[in-house]
Amino acid sequence: MADTRIALVTGANQGIGFALVEGLAARMDPDDLVLLTGRNAQRVADATAIVAAAPGTRSRVEGRLLDVTDTDAVARLATELEESHGGVDIVVSNAIARITPDRPQSEQADEFIDVANGGTHAMLRSFGPVLRPGGRLIVVASSLGTLGRLDPQLHPLFDGASLDEVEHAVESWRAAVHAGTAEEAGWPRWINVPSKVAQVAAVRAVAAQRRETDLPADILVAAVCPGLVDTPTSRPWFDDFSRALTPAQAAQAVLDLVLADHVDPTRYGELVRFGRVLPWHSGTPARDQDELLST
Numbered sequence: 164m165a166d167t168r169i170a171l172v173t174g175a176n177q178g179i180g181f182a183l184v185e186g187l188a189a190r191m192d193p194d195d196l197v198l199l200t201g202r203n204a205q206r207v208a209d210a211t212a213i214v215a216a217a218p219g220t221r222s223r224v225e226g227r228l229l230d231v232t233d234t235d236a237v238a239r240l241a242t243e244l245e246e247s248h249g250g251v252d253i254v255v256s257n258a259i260a261r262i263t264p265d266r267p268q269s270e271q272a273d274e275f276i277d278v279a280n281g282g283t284h285a286m287l288r289s290f291g292p293v294l295r296p297g298g299r300l301i302v303v304a305s306s307l308g309t310l311g312r313l314d315p316q317l318h319p320l321f322d323g324a325s326l327d328e329v330e331h332a333v334e335s336w337r338a339a340v341h342a343g344t345a346e347e348a349g350w351p352r353w354i355n356v357p358s359k360v361a362q363v364a365a366v367r368a369v370a371a372q373r374r375e376t377d378l379p380a381d382i383l384v385a386a387v388c389p390g391l392v393d394t395p396t397s398r399p400w401f402d403d404f405s406r407a408l409t410p411a412q413a414a415q416a417v418l419d420l421v422l423a424d425h426v427d428p429t430r431y432g433e434l435v436r437f438g439r440v441l442p443w444h445s446g447t448p449a450r451d452q453d454e455l456l457s458t
């Protein structure tokens, strides 16, 4: 990586995103810059002030307003960082919209998909080209993101797909959710599952195109599963948090991957959980969160 490193985290004013910024700011060097981004100016400013003033902070920390659903804004920020710093070294795409079990998921699908999937696609498209040698481009996903979590009839939509094909599959799924035909087509009821599979498929699509040039340059493109994390986003969906991690605990394995001296080729383009690759075809189909918790 360059002597002065630039790191950026999306969805970073709370939860694991905030913990990742805290960890980066504590483990990177004084001349390095960590960008804490989010779509609410006041929350971004408040979170940035907290990290900047923390006793363990070593690097510079700046807040940036960024709505990952605005593809033009994502592209402008990537261009700005390329022009001002020659690119970026660490990008963690972490933004997500909260969904709750008290409302029909069809009513919440658009924002959730726009942030989790549209945002992932925008970050991959705009920040992949501005990664400097030694760079890391990481998408925070889930163990629910393996292809085996979907009905086999849906596998061809994502297995070996290009990024354009993944985007098309996501939009087809979205249309089925709104039309009320998603379940009969084999899609899980819990929209988190297809969304996570699509996130990992998007990472795999980009990685497949970049692998031959990235590995010699020590660049990593990967998805990560931080485990079950105790946050306001996950709280409404699960009853037992006895084994859940705090955001700070969950961030450690992600930070270890991001800040490793060299890329492990076996992790390139894969979904990594606590340092281990989760095979793309692993997992079993489930319709909703209750079935998933029983598997």
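Quick note: the sequence shown uses the numbering used here, first residue 164, plus one each step.
Glycine residues also receive a C-beta, built at the ideal position from the N, C-alpha and C atoms.
Beta-bridge partners of residue i, as assigned by DSSP
i	result
Glu225	Leu198
Arg436	Cys388 and Arg439
Leu294	Val251
Ser289	Its beta-bridge partners do not exist; DSSP assigns none.
Leu408	Val392
Ser256	Val302
Whole-angstrom distance between residue j and residue i, CA atom to CA atom
i	j	result
Gln316	Asn355	18 Å
Leu456	Arg312	Low confidence applies to Leu456: its pLDDT is 43, below 50, so where it sits in the model is not reliable, and the reading given next is rough at best. Taking the straight line from one Cα to the other gives about 12 Å.
Arg223	Ile253	14 Å
Val303	Ala413	11 Å
Ala212	Gly250	25 Å
Ala339	Thr232	21 Å
Ala272	Arg337	7 Å
Glu225	Leu198	5 Å
Ser406	Asp393	With the sequence shown as reference, residue 406 is identified as Arg, and Ser is not the correct amino acid for it. Spanning the two alpha carbons is a distance of roughly 9 Å.
Cys388	Val363	10 Å
Gly297	Ser256	17 Å
Ala210	Leu441	32 Å
Val214	Asn203	17 Å
Pro351	Asp327	22 Å
Ala348	Ser335	11 Å
Arg436	Ala361	17 Å
Ala386	Arg190	21 Å
Glu346	Gly219	48 Å
Leu300	Thr234	17 Å
Local conformation of residue i per DSSP, three classes
i	result
Asp277	helix
Ile169	strand
Ala175	coil
Arg299	strand
Leu420	helix
Leu383	strand
Ile159	The structure shown has nothing for residue 159, since the chain only spans 164 to 458.
Asp327	helix
Asp377	helix
Glu246	helix
Glu346	coil
Leu187	helix
Gly461	No answer is possible for residue 461: it lies beyond the span of the chain, which begins at 164 and ends at 458.
Val426	coil
Arg261	coil
Burial state of residue i, where buried means 16 or more other Cβ atoms lie within 10 Å
i	result
Asp453	Summary for Asp453: the model assigns pLDDT 48, below 50, so the residue's position carries little reliability, and this model does not support an answer.
Gly446	buried
Asp265	exposed
Asn280	buried
Leu287	buried
Glu433	buried
Leu240	buried
Thr309	buried
Asp419	exposed
Asp377	buried
His500	The question about residue 500 has no answer, for the chain in this structure spans 164 to 458.
Pro357	buried
Arg439	exposed
Glu375	exposed
Ala380	exposed
Exercise for review: Specify whether the stretch 177 to 189 and the stretch 407 to 423 touch according to this definition: at least 3 beta carbon pairs, one from each stretch, less than 8 Å apart.
Suggested key: yes
Review point. So, do the stretch 186 to 197 and the stretch 261 to 276 have three or more beta carbon pairs nearer to each other than 8 Å?
Key: no
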